[in-house]
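Peer 1: Following this message is one structure expressed as structure tokens.
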Amino acid sequence: MRFSVFISSVLIAASLSSSGQEISSYFDYKVFRVPGEGHLIETYFNIVGRSVAYVEVSDSTEQAEVELKVIVTKGQGIKDYRKEAIKGPEVTKGFRTDFISTQRFLLPKGTYELEVELKDLNRPESGTLSFSRSIDLEYNTTKAGFSDIELLAGFRKAEEGSVLAKSGLEMLPLMNNVFDIAFNELLFYCELYRMDKLINEGDAYLLRYYLEDADFEKIQKSTEVNKRKTAGKVHAELGLLDISQVPTGRYNLRIEARSREDELLASEELPIYRINPILEKNLTEEEINLTFVGRMNSKDSLKEYIYSLRPIAQEQDRMIIDHQVAEFTLIQCKSYLYAFWEDRNPLNPSEGWAEYKKKVEAVEEKFGTSNKRGYETDMGRIYLVYGVPNSVVNEANDPETYPYQIWHYYKAGKFNDKRFVFYDRELLQREYSLLHSDVPGEVRNPRWNIIINSRTNAMWNVDQNRSAGAGSDRLQQLYDSPR
7 MRFSVFISSV
17 LIAASLSSSG
27 QEISSYFDYK
37 VFRVPGEGHL
47 IETYFNIVGR
57 SVAYVEVSDS
67 TEQAEVELKV
77 IVTKGQGIKD
87 YRKEAIKGPE
97 VTKGFRTDFI
107 STQRFLLPKG
117 TYELEVELKD
127 LNRPESGTLS
137 FSRSIDLEYN
147 TTKAGFSDIE
157 LLAGFRKAEE
167 GSVLAKSGLE
177 MLPLMNNVFD
187 IAFNELLFYC
197 ELYRMDKLIN
207 EGDAYLLRYY
217 LEDADFEKIQ
227 KSTEVNKRKT
237 AGKVHAELGL
247 LDISQVPTGR
257 YNLRIEARSR
267 EDELLASEEL
277 PIYRINPILE
287 KNLTEEEINL
297 TFVGRMNSKD
307 SLKEYIYSLR
317 PIAQEQDRMI
327 IDHQVAEFTL
337 IQCKSYLYAF
347 WEDRNPLNPS
357 EGWAEYKKKV
367 EAVEEKFGTS
377 NKRGYETDMG
387 RIYLVYGVPN
397 SVVNEANDPE
407 TYPYQIWHYY
417 KAGKFNDKRF
427 VFYDRELLQR
437 EYSLLHSDVP
447 GEVRNPRWNI
457 IINSRTNAMW
467 NVDQNRSAGA
477 GSDRLQQLYD
487 SPR
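Going by the numbering used here, 107 is the number at position 101 of the sequence shown; the sequence numbering is gapless.
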């Protein structure tokens, strides 16, 4: 019998933290339409409260502040630009809470690049966190269809003149599509456009939304909602689903517009994940204990095993590992570890775990430090994700440079001929941080050469990507032609 919980296959919030930069944030965006004007892009940034510094406001309270820059480009031209200082809520000293910022951009049809920079204003030495995202707005705004579906944590009536209101409401986005047992309801917002182009204006149609099993397209009947609507230019829907009876699993939140004849006129869907151990329908505790996890009866050891999965986990699994595993019971730990490997190696999950455990032990021996597990280090993570490098340049004794290593892979995941540059800024040769890689999705720093050489050479020119001199040339040669 297949046991599947916490399946993670769709990324909706991108973790923006990177090596050497303590600030972190989740990012998401949604696309709406403004009839006759273009596309309305809403961007959402959830700043992780524990990742930023706080300054004293009063004897008992303190506050965080982050600078956000967003540049929207198309080709070589800048189409929009935002810069703002985002202040977190004033909180009791020692208390940490996330805070959210929303921006809006009205853009015509086209493909755009979103360039983002985040900086902790209370800790300027921490550096700037930057990333970019491509947004494609090629679809026709004159056709009937739904906007993106926006999950909500709450809403309130908008104040007069609010620039962030939609349909008279100010909405708090939910930056997470994992609904654990604390959620009995799912709240969302979306818009339906130009139904008067498909049927006559004022004619009736059926608006229907529900959760369906993502693997078998089976509707969860307890969630189904049907409403009679009349066709117009824009319909705004604030939807609420009862998910109290939805068991653990992977689902699609689906919304449809159907004609009187039940013809599908338009639809939109969004993946969500439900964690509801009370209604788990698959393996029982007795059945779980007959698998390879059955003899694992130390909750602390099981949690450590689960934490070690983080380097190879998908984004939603990483969110669960980071925020929920600490509260898992013994059977939940067993269930999660089994489900993780049953999903990746259904023919022999125990073999998959045994092979990975050997790698974790090797990484601990090679890269573990006094205050970090091997899998928590940058080198350990890269080793677990991409395997043993085909060649390593290891320079620890050059007095002109920081100690560094260059790892070369003939194949790194789906990419060929890729490199990772690590360095030891502290000169302790205990832990090397990832400075640069040419693998998409990894840290990319075009100034890696000059940073490594900055042990004795100051970095005055911010536009310079290489130091002058033989040392820089040799370093570049080792990178270009690994030995």
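Beta carbons are placed, not taken as given, at the ideal position from N, Cα and C, and that holds for glycine.
Is Q483 helix, strand or coil by DSSP?
Peer 2: As a working mapping, residue 483 is identified with position 477 in the sequence shown. In this structure, Q483 counts as helix in the three-state DSSP scheme.
Peer 1: Measure the beta-carbon distance from T254 to G208 and round it to whole angstroms, keeping in mind my assumption that it falls under 8 angstroms.
Peer 2: Residue 254 sits at position 248 when you count from the first residue of the sequence shown. Residue 208 sits at position 202 when you count from the first residue of the sequence shown. With 8 angstroms as the limit, T254 and G208 do not qualify as a contact, their Cβ atoms being about 43 angstroms apart.
Peer 1: Using a Cβ-Cβ cutoff of less than 6 angstroms, which residues in the same chain neighbour M201 once the five nearest sequence positions on both sides are dropped?
Peer 2: Walking along the sequence shown from the start, residue 201 turns up at place 195. Closer than 6 angstroms at Cβ, skipping near neighbours: A150 and A237.
Peer 1: So for S397, helix, strand or coil by DSSP?
Peer 2: The residue given as residue 397 occupies position 391 in the sequence shown. S397 falls in the strand class under three-state DSSP.
Peer 1: At the level of alpha carbons, what is the spacing between D479 and N422?
Peer 2: Stepping through the sequence shown from its first residue, residue 479 is reached at position 473. Stepping through the sequence shown from its first residue, residue 422 is reached at position 416. Each residue's Cα considered, the two are about 24 angstroms apart.
Peer 1: Rank V331, W347, V299 and E367 by C-alpha distance to the C-alpha of Y313 and give the top, closest one.
Peer 2: Counting from one through the sequence shown, the residue named residue 313 turns up at place 307. When only C-alpha atoms are compared, the closest one is V331.
Peer 1: What's the gap between the Cα of S341 and the Cα of L198?
Peer 2: Here residue 341 refers to the residue found at position 335 of the sequence shown. Here residue 198 refers to the residue found at position 192 of the sequence shown. Each residue's Cα considered, the two are about 40 angstroms apart.
Peer 1: Which word fits Q109, buried or exposed, when buried means at least 16 other C-beta atoms lie within 10 angstroms of its C-beta?
Peer 2: Taking the sequence shown and counting its residues from 1, the one referred to as residue 109 is at position 103. When all chains shown are included, Q109 counts as buried.
Peer 1: Are the stretch 61-76 and the stretch 247-266 touching, with three or more C-beta to C-beta distances below 8 angstroms?
Peer 2: With a cut-off of 8 angstroms, the stretch 247-266 and the stretch 61-76 do not count as touching, because too few Cβ pairs lie within range.
Peer 1: What are the boundary residues of the beta strand (DSSP E) that S439 is part of?
Peer 2: Translated into positions along the sequence shown, residue 439 becomes position 433. Here the beta strand (DSSP E) through S439 covers S439 to S443.
Peer 1: How is T103 classed by DSSP in three states: helix, strand or coil?
Peer 2: Position 97 of the sequence shown, counting from 1, holds the residue named residue 103. Looking at T103 - three-state DSSP - the assignment turns out to be coil, as it is neither helix nor strand.
Peer 1: By alpha-carbon positions, which one of E293, L247 and R387 ends up nearest to R316?
Peer 2: Against the sequence shown, residue 316 aligns to sequence position 310. Of the candidates E293, L247 and R387, the one whose C-alpha sits nearest the C-alpha of R316 is R387.
Peer 1: Looking at the structure shown, is V184 part of a helix, part of a strand, or coil, going by DSSP?
Peer 2: Numbered from 1 along the sequence shown, position 178 holds the residue referred to as residue 184. Here V184 sits in strand by DSSP.
Peer 1: Could you give the C-beta distance for E68 and V97, rounded to a whole number, given that I count them as a contact under 8 angstroms?
Peer 2: For the purposes of this step, residue 68 is taken as residue 62 along the sequence shown, with counting starting at 1. For the purposes of this step, residue 97 is taken as residue 91 along the sequence shown, with counting starting at 1. That pair is a contact at about 7 angstroms.
Peer 1: Taking G174 as the reference, give the member of D186, N182 and F161 with the closest Cα.
Peer 2: For the purposes of this step, residue 174 is identified with residue 168 of the sequence shown, where counting begins at 1. Comparing Cα-Cα distances from G174 to each of D186, N182 and F161, the minimum goes to F161.
Peer 1: Provide the residue span of the beta strand (DSSP E) that contains F298, from first to last.
Peer 2: One-based indexing of the sequence shown puts residue 298 at position 292. Unbroken run through F298: none, as it is neither H nor E.
Peer 1: Please return the same chain residues whose Cβ sits closer than 6 angstroms to the Cβ of G55, not counting the five positions on each side in sequence.
Peer 2: Locating residue 55 in the sequence shown gives position 49, counting from the first residue. Excluding positions up to five away in sequence, the list reads R102, T103 and D104.
Peer 1: Run through the DSSP bridge pairs and tell me what Y50 is partnered with.
Peer 2: Position 44 of the sequence shown, counted from the first residue, corresponds to residue 50. Answer is D34 and T108.
Peer 1: Would you identify the three-state DSSP class for F334, choosing helix, strand or coil?
Peer 2: Translated into the one-based positions of the sequence shown, residue 334 becomes position 328. Coil, per DSSP.
Peer 1: Which runs of the beta strand (DSSP E) spanning at least 3 residues fall entirely within the stretch 55-100, listed in chain order?
Peer 2: Taking only runs of at least 3 residues, the beta strand (DSSP E) segments lying wholly in the stretch 55-100 are 60-62, 67-80 and 83-93.
Peer 1: With the cut-off set at 8 angstroms, would you say Y118 and V76 are in Cβ contact?
Peer 2: Here residue 118 refers to the residue found at position 112 of the sequence shown. Here residue 76 refers to the residue found at position 70 of the sequence shown. Their beta carbons are not under 8 angstroms apart, which means Y118 does not touch V76 by this criterion.
Peer 1: Look at A159 and L180 and say whether their C-beta atoms are less than 8 angstroms apart.
Peer 2: Residue 159 sits at position 153 when you count from the first residue of the sequence shown. Residue 180 sits at position 174 when you count from the first residue of the sequence shown. Going by C-beta atoms, A159 is nearer than 8 angstroms to L180.
Peer 1: Let me check understanding here. Comparing Cα to Cα, which of E166, L178, S140 and I141 lies closest to L157?
Peer 2: Along the sequence shown, one-based indexing puts residue 157 at 151. Answer by Cα proximity: L178.
Peer 1: Have a look at L308, E401, F334 and V299 and flag the residue whose alpha-carbon is nearest the alpha-carbon of P355.
Peer 2: Translated into the one-based positions of the sequence shown, residue 355 becomes position 349. The residue with the shortest Cα to Cα distance from P355 is V299.
Peer 1: When you compare the CB positions of Q482 and N459, do they come within less than 8 angstroms of one another, or not?
Peer 2: The residue you call residue 482 lines up with position 476 of the sequence shown. The residue you call residue 459 lines up with position 453 of the sequence shown. No, they are not a contact pair.
Peer 1: Note down, one range per segment and in chain order, each beta strand (DSSP E) of at least 3 residues found wholly within the stretch 158-235.
Peer 2: Counting whole runs of 3 or more residues, the stretch 158-235 contains the beta strand (DSSP E) stretches 175-179, 191-199 and 210-219.
Peer 1: Rounded to whole angstroms, how far is the Cβ of I187 from the Cβ of N282, which I believe are closer than 8 angstroms?
Peer 2: By 1-based counting over the sequence shown, the position of residue 187 is 181. By 1-based counting over the sequence shown, the position of residue 282 is 276. The Cβ separation is near 5 angstroms, so the contact holds.
Peer 1: Whose C-beta lies closer than 7 angstroms to the C-beta of S31 among residues of the same chain, with five residues either side of it excluded?
Peer 2: Here residue 31 is taken as the residue at index 25 of the sequence shown, counted from 1. Around S31: L22, F51, N52, I53, V54 and L124.
Peer 1: Hey, F137 and V122: beta-carbon distance below 8 angstroms or not?
Peer 2: Reading the sequence shown from its first residue, position 131 is the one you call residue 137. Reading the sequence shown from its first residue, position 116 is the one you call residue 122. Taking 8 angstroms as the Cβ cut-off, F137 and V122 qualify as a contacting pair.
Peer 1: Is E176 near L246, with beta carbons less than 8 angstroms apart?
Peer 2: Counted from its first residue, the sequence shown places residue 176 at position 170. Counted from its first residue, the sequence shown places residue 246 at position 240. No, the Cβ-Cβ distance between E176 and L246 is not below 8 angstroms.
Peer 1: Which term fits P395, buried or exposed, when burial requires 16 or more other beta carbons within 10 angstroms of its beta carbon?
Peer 2: Here residue 395 refers to the residue found at position 389 when the sequence shown is read from its first residue. The residue in question, P395, is buried, as its Cβ has 16 or more Cβ neighbours within 10 Å.
Peer 1: Please go through the stretch 237-296 and give each complete alpha helix (DSSP H) segment of 4 or more residues, from N-terminal end onward.
Peer 2: The stretch 237-296 contains these whole alpha helix (DSSP H) runs: 291-294.
Peer 1: Our contact map puts L113 next to E73 with C-beta atoms below 8 angstroms; I'd like the distance itself, whole angstroms only.
Peer 2: In the sequence shown, the residue the question calls residue 113 occupies position 107. In the sequence shown, the residue the question calls residue 73 occupies position 67. Actually they are not in contact, since the Cβ atoms of L113 and E73 sit about 23 angstroms apart, beyond 8 angstroms.
Peer 1: Looking at the structure shown, is D154 part of a helix, part of a strand, or coil, going by DSSP?
Peer 2: Numbered from 1 along the sequence shown, position 148 holds the residue referred to as residue 154. Of the three classes helix, strand and coil, the one that applies to D154 here is coil, per DSSP.
Peer 1: Report all residues from its chain with a CB closer than 7 angstroms to the CB of E43; omit the five preceding and five following residues, and keep chain order.
Peer 2: Taking the sequence shown and counting its residues from 1, one reaches residue 43 at position 37. Closer than 7 angstroms at the Cβ level, and outside the excluded window around E43, lie L112.
Peer 1: Along the chain, where does the alpha helix (DSSP H) that runs through Q411 open and close?
Peer 2: In the sequence shown, the residue the question calls residue 411 occupies position 405. Not the alpha helix (DSSP H): Q411 falls in the beta strand (DSSP E), residues Y410 to A418.
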